[in-house]
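Data block below; observations after.
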Amino acid sequence: MIKMRRKKKQISLLMALFLVIFGSIFYFLEPSQANPNTPTPTPEIVQANQEIQDGEKLQIWFLDVGQADSILIQNGDANMLIDAGNNEDGKKLVSYFQSLGIETFQYVIGTHAHEDHIGGMDDIIDNFDIDTFYMPDAITTTATFESVLDSLEAKNIAFQTPSIDSIFKLGNATIDVLYVGTDNSDLNNTSIVLKLTYGNTSILFMGDAEKEVETTIEKKDISADVLKVGHHGSNTSSSKTFLEKVNPSYAIISVGTGNSYGHPSNTTIQNLENQNIQIYRTDENGTIIMTSDGTNITFQTIQTNTNG
Numbered sequence: 662m663i664k665m666r667r668k669k670k671q672i673s674l675l676m677a678l679f680l681v682i683f684g685s686i687f688y689f690l691e692p693s694q695a696n697p698n699t700p701t702p703t704p705e706i707v708q709a710n711q712e713i714q715d716g717e718k719l720q721i722w723f724l725d726v727g728q729a730d731s732i733l734i735q736n737g738d739a740n741m742l743i744d745a746g747n748n749e750d751g752k753k754l755v756s757y758f759q760s761l762g763i764e765t766f767q768y769v770i771g772t773h774a775h776e777d778h779i780g781g782m783d784d785i786i787d788n789f790d791i792d793t794f795y796m797p798d799a800i801t802t803t804a805t806f807e808s809v810l811d812s813l814e815a816k817n818i819a820f821q822t823p824s825i826d827s828i829f830k831l832g833n834a835t836i837d838v839l840y841v842g843t844d845n846s847d848l849n850n851t852s853i854v855l856k857l858t859y860g861n862t863s864i865l866f867m868g869d870a871e872k873e874v875e876t877t878i879e880k881k882d883i884s885a886d887v888l889k890v891g892h893h894g895s896n897t898s899s900s901k902t903f904l905e906k907v908n909p910s911y912a913i914i915s916v917g918t919g920n921s922y923g924h925p926s927n928t929t930i931q932n933l934e935n936q937n938i939q940i941y942r943t944d945e946n947g948t949i950i951m952t953s954d955g956t957n958i959t960f961q962t963i964q965t966n967t968n969g
């Protein structure tokens with residue numbers, strides 16, 4: 662089904678600076694206070710080491726979209742989106758990204774076909790130019806997934822699945838595809854798992870991947886300074902062995918306030934705390950903005966009004 666609908670489109674890239682206008686945004690990103698926190702410490706095969714210019718920054722926004730995921734990554738003029746929240750988040754995300762001056766995404770990635778990750782994706786596709794769209798080649802028949810396919814077809818954008826161990830670039834950041842699953846019966850474990858490296862700093866994005874996937878990728882270089890915790894902090898993910906292999910200084914959990922799933926689990930929190938990993942949670946911290954200059958990582962949190 663997917664292959665019948667795949668087409669290609671290449672388009673231009675243009676965006677404006679964003680942080681200075683962070684105050685005028687849609688409801689779940691309306692800041693009540695900003696708390697700077699500065700802790701110390703076809704994909705094309707490309708070279709991983711590219712010189713970072715003085716003053717250049719990588720910025721990653723772990724957006725507070727309740728019990729869902731949406732991550733904006735920016736480096737220079739390049740934009741990348743990982744997931745787009747629930748269905749009701751789509752128009753709000755569009756409004757917000759437009760307020761930042763974004764017109765084009767170099768990459769848009771749906772980690773897997775669950776509604777809390779691709780619910781707003783059709784709105785993103787409808788309203789922005791997209792150079793490359795990636796999702797796992799795992800077929801599902803939900804209305805949400807069909808809406809994504811319809812929007813891609815209407816915009817003549819190819820549905821592509823990245824190859825495991827492929828590498829692509831976002832500005833001066835290098836992104837390694839560590840895993841992509843194919844089992845339609847377990848969509849969480851089809852999640853696209855990515856490791857982003859920027860200078861001497863790195864971030865591991867797990868989607869909703871569970872312990873089975875963690876075991877699969879443990880033989881690779883999965884060490885990272887920051888871990889985007891898998892499956893909203895569920896006890897299906899983030900095993901002790903996996904956390905020891907990643908050995909992050911910081912963990913980000915995207916989760917809704919008072920959600921019915923009990924996320925994040927006490928087991929996951931305990932595993933993180935036992936390794937002295939500093940935890941940021943969207944239900945407690947709101948939107949979390951990570952900045953890297955290639956050597957140091959800092960965080961800023963924006964308190965938000967979110968219904969879990």
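Using the numbering used here, the letters of the sequence shown correspond one by one to residues 662 to 969.
Positions of the beta carbon are idealized from the N, C-alpha and C atoms, including for glycine.
(request) With DSSP collapsed to three states, give me the class of L857. (result) strand
(request) Kindly list the residues whose CB is nearer than 6 Å to the CB of N696, restricted to its own chain and excluding five residues on each side of it in sequence; keep chain order. (result) The pLDDT assigned to N696 is 43, lower than 50, so where the model puts this residue is not dependable; a value taken from the coordinates is nonetheless given after this. Around N696: T962.
(request) Enumerate, from N- to C-terminal direction, the unbroken beta strand (DSSP E) stretches of 3 or more residues contained entirely within the region 898 to 948. (result) 911 to 914 and 939 to 942
(message) Within the continuous alpha helix (DSSP H) that includes S863, where are the two ends?
(response) It is not in any alpha helix (DSSP H) - S863 instead sits in the beta strand (DSSP E) that spans T862 to F866.
(request) Check whether the Cβ atoms of S900 and H892 sit closer than 7 Å, and answer yes or no. (result) no
(message) Does T822 come out as helix, strand or coil in the three-state DSSP assignment?
(response) coil
(request) Starting from N736, follow the beta strand (DSSP E) in both directions and report where the run begins and ends. (result) I732 to N736
(request) Assign Q759 to buried or exposed, taking buried as 16 or more other Cβ atoms, counted over all protein chains shown, within 10 Å of its Cβ. (result) exposed
(message) Considering only the alpha carbon of each residue, which of S824, P823, E873 and T959 lies closest to D847?
(response) E873
(request) Report the partner residues of I828 according to the DSSP bridge assignment. (result) D837
(request) Give me whichever residues DSSP pairs with M796 in a beta bridge. (result) Bridge partners of M796: none, in fact.
(request) For N946, collect the residues of the same chain with a Cβ closer than 7 Å to its Cβ; drop the 5 residues on either side in sequence, then sort them by chain order. (result) Around N946: T962.
(request) For my contact list, I853 and V887 are in at a C-beta cut-off of 8 Å; report their separation, rounded to the angstrom. (result) Not a contact, Cβ separation roughly 17 Å.
(message) Just to confirm before moving on: does the CB-CB distance between N896 and T928 stay below 7 Å?
(response) yes
(message) Let me make sure I understand the geometry here. Which of Q767, E905, T952 and T801 has the alpha-carbon closest to that of I786?
(response) The candidate whose alpha carbon is nearest that of I786 is Q767.
(request) Just the C-alpha distance for G737 and G832, rounded to the nearest angstrom, thanks. (result) 6 Å
(request) Just mark I800 as buried or exposed, buried being the case when its beta carbon has 16 or more other beta carbons within 10 Å. (result) exposed
(request) Label N932 either buried or exposed according to how many other C-beta atoms from any shown protein chain fall within 10 Å of its C-beta, with 16 as the threshold for buried. (result) buried
(message) Can you tell me whether N817 is buried or exposed? The criterion is at least 16 other CB atoms within 10 Å of its CB, across all chains shown.
(response) Per the 10 Å Cβ criterion, exposed.
(request) Count the CB pairs spanning the region 800 to 816 and the region 773 to 784 that are closer than 8 Å, and state whether there are at least three. (result) yes
(message) Let's test the definition: count the other Cβ atoms within 10 Å of the Cβ of K753 and tell me whether it reaches 16, buried, or not, exposed.
(response) buried
(request) To the nearest angstrom, report how far apart I950 and D944 are at their CA atoms. (result) 14 Å
(request) State the DSSP-derived secondary structure class of V726, mapped to helix, strand or coil. (result) coil
(request) Rank G894, N937, N908 and T902 by C-alpha distance to the C-alpha of N920 and give the top, closest one. (result) G894
(request) Alpha carbon to alpha carbon, how far is V841 from D882? Give it in angstroms, no decimals. (result) 16 Å
(message) Alpha carbons only, please: which of I878, I958 and H778 is nearest the one belonging to K856?
(response) I878
(message) Along the chain, where does the beta strand (DSSP E) containing V769 start, and where does it finish?
(response) T765 to I770
(message) For a test of your reading of the model: does the CB of M796 fall under 6 Å from any non-hydrogen atom of the ligand ADP? Yes or no.
(response) The model on display carries no ligand, and the ligand ADP is accordingly not part of it.
(request) Taking L810 as part of the alpha helix (DSSP H), name the residues at either end of that continuous run. (result) A804 to K816
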